């Protein structure tokens, strides 16, 4: 047999593997942790059984989903990601398969990862979101290119993979695919992909680690899949992509060595056709039958998603009399406080469960079903640094939100109290800062909905029994789906002293307006001073100016809360936090970091940029807000579109 015929025969198993319907596949790689197990009928098992169907149903909507369910120590974190070139139907099939098989493949394990041809499933008792994994696993094709062609093949492969990796890392989807002609085969196809919770830097680092692994695992292989829990790359000399490649490098010339491989007699070509064509024909018939059966099944069950939403809605709704009893009929003695959206009351169910009830203002034009739909969406947002929404009550004019109760109440009760602030030593404040940052990152990037808080402040940071920070009142303004990252409103919902200039002055908000609020909050935590009650004579008129003045004069240590100076205090960490705070409150929103960058800065010793003067640093001058006006005008082309975004809003 000629070389062409030999390649065709060896590649047939790979061809069948790449196109087998997803529901018929077993995991191609599995990783079952042996370090921790759970037992039956425990909270962890209950949480896992709730998590898995949630991953399958939500992940199939746009190919990626991560969330957590339960409270420590029984929290379960989960993530699913589908290959970027497949249909949502095949994504759904793969995710449904994975969530069933993981319990069979890795029974009673507290952590497991299953890799399939079309998707990956990962759950764990430890939070792993946004943490890059560079430990490679591989599946290599047995077929090899000739030694004469190896150098050129590897060069083409490396060049194309590196180009695709840089592009994938910069895209929101974290996916890219490409192709180039490669003789004697039809083409060389490549896909690279990261889980969407990774930053661009971490995504590129992960993919480059997989590329560097190729010489060790797959030297001269005509195809391979190399993956970690956070990234994946696949290449093959036979078409495997299920949608057209996004990049075509066919203009690259092939070397004489490659061309020689394709040189053969007519007899060899006939053998390739005889072997490959019937196989492809059979596969196409099988796929057609499979698609027909799937379509019929979907037609018989058109309301499955609606039924699931209705069931969720029913389980979240509380009876008004139950809430009245729990709160002693909303008595003043049970009142915890009042904000822009309504009063909050402490309550206790008959079984002893303590709750916090937000009694929303009654001047809302929002319909009942719209309110219910929004609560169902908010309930799905689960993170250790978010206050947990337990349910709602909707009867007559009453609109109530029921939350978990946190006995330590809000951060401002400690931070700005001369006596209680002693409980917030430096180590505890660092923990609170990190928790707020991670919670905000989840709202901005890790949750299925992109949520802009718009009223982040010390009063909306609650503390649990271990003084862990939990963000409250998220989702009370506008929720964004997909890639929406900014908006425009004529109704400002926020607190002076925390609002970014573009939001306070022009009503333009984005994730960067939340970053500004976080910066103010960070400076408050370090200094122990309240931003909107901080006034000084002379040019320093607010907390931001005071921090900036001391920073420029190299006297930033004076900015730090004196009560923090103890054995656990780190002057370098505090100075770094002040610098981060100033970077977050820059006047032009484009100069502020994202929350993923903030989390990276908090968890690393990488050098930071030098900040410019903060917003409102010359508010009394005529040109005070030129930068914010400029940054707003840059987006004026989108303002009319953004103003009509149909966001979901819980009323004041």
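In mature numbering (1 follows the signal peptide of the UniProt record, and there is no 0), the protein residues as written are -24 to -1, 1 to 628. In this text, a Cβ means the ideal position worked out from N, Cα and C, and glycines have one as well. Remember, predicted model here, so these are calculated numbers, not experimental data.
Whose C-alpha, out of the options, is nearest the C-alpha of residue i?
i, options, result
"residue 305", "335, 54 and 481", "335"
"residue 361", "331, 320, 449 and 300", "449"
"residue 538", "561, 502 and 170", "502"
"residue 35", "190, 59, 199 and 473", "59"
"residue 113", "97, 91 and 126", "91"
"residue 372", "395, 344, 388 and 530", "344"
"residue 214", "163, 489 and 102", "163"
"residue 292", "21, 365, 583 and 225", "365"
"residue 125", "41, 111, 138 and 158", "158"
"residue 146", "175, 111 and 583", "175"
"residue 2", "81, 207 and 225", "81"
"residue 405", "387, 415, 395 and 394", "387"
"residue 188", "573, 170 and 209", "209"
"residue 376", "410, 523 and 303", "303"
"residue 298", "556, 330 and 557", "330"
"residue 637", "415, 41 and 149", "The structure shown has nothing for residue 637, since the chain only spans -24 to 628."
"residue 429", "587, 413, 441 and 95", "413"
Quick one: what does DSSP say residue i is sitting in, helix, strand or coil?
i, result
"residue 48", "coil"
"residue 329", "coil"
"residue 426", "strand"
"residue 30", "helix"
"residue 579", "coil"
"residue 521", "helix"
"residue 114", "strand"
"residue 223", "strand"
"residue 13", "strand"
"residue 532", "helix"
"residue 178", "helix"
"residue 312", "strand"
"residue 433", "coil"
"residue 122", "coil"
"residue 232", "Here residue 232 scores only 32 on pLDDT, less than 50, and its place in the model should not be relied on; the value that follows carries that caveat. Of the three classes helix, strand and coil, the one that applies to residue 232 here is helix, per DSSP."
"residue 303", "coil"
"residue 324", "strand"
"residue 474", "coil"
"residue 387", "coil"
"residue 39", "coil"
"residue 95", "strand"
"residue 354", "helix"
"residue 63", "coil"
"residue 601", "Since pLDDT at residue 601 reaches only 38, below the 50 mark, its modelled position is unreliable, and no value is offered."
"residue 82", "coil"
"residue 106", "coil"
"residue 362", "strand"
"residue 147", "coil"
"residue 395", "coil"
In the DSSP assignment, what residue or residues form a beta bridge with residue i?
i, result
"residue 53", "44 and 100"
"residue 7", "89"
"residue 335", "319 and 376"
"residue 590", "562"
"residue 420", "Bridge partners of residue 420: none, in fact."
"residue 208", "169 and 203"
"residue 293", "368"
"residue 439", "445"
"residue 153", "167"
"residue 58", "95"
"residue 344", "Paired residue(s): none; residue 344 is not in a bridge."
"residue 197", "120"
Spatial neighbours of residue i within its chain, please: C-beta separation below 6 Å, excluding the five flanking residues on both sides.
i, result
"residue 408", "445"
"residue 313", "320"
"residue 228", "Per-residue confidence for residue 228 stands at a pLDDT of 40, beneath the threshold of 50, marking its modelled position as unreliable; the derived number appears in the next sentence. If we look at residue 228 and ignore the five residues flanking it on each side, its Cβ neighbours are 156."
"residue 7", "89"
"residue 45", "23, 26, 27, 52 and 358"
"residue 106", "173"
"residue 85", "8 and 9"
Does the distance between the C-beta of residue i and the nearest non-hydrogen atom of the ligand SAH fall short of 7 Å?
i, result
"residue 216", "This structure does not include the ligand SAH; it has no bound ligands of any sort."
In its own chain, which residues sit with a C-beta less than 8 Å from the C-beta of residue i, not counting the 5 before and 5 after it?
i, result
"residue 32", "56, 68, 71, 72, 74 and 75"
"residue 398", "539"
"residue 582", "576"
Using C-beta distances below 7 Å, list every residue in its chain close to residue i, excluding the 5 sequence neighbours before and after it, in chain order.
i, result
"residue 318", "334, 335, 336 and 337"
"residue 389", "396"
"residue 219", "61"
With a threshold of 8 Å between beta carbons, is residue i in contact with chain D?
i, result
"residue 584", "Absence of chain D from the displayed structure is noted, only one protein chain being present."
Worksheet item: Which runs of the alpha helix (DSSP H) spanning at least 4 residues fall entirely within the region 537 to 568, listed in chain order?
Response: List check, alpha helix (DSSP H) in window: 547 to 560.
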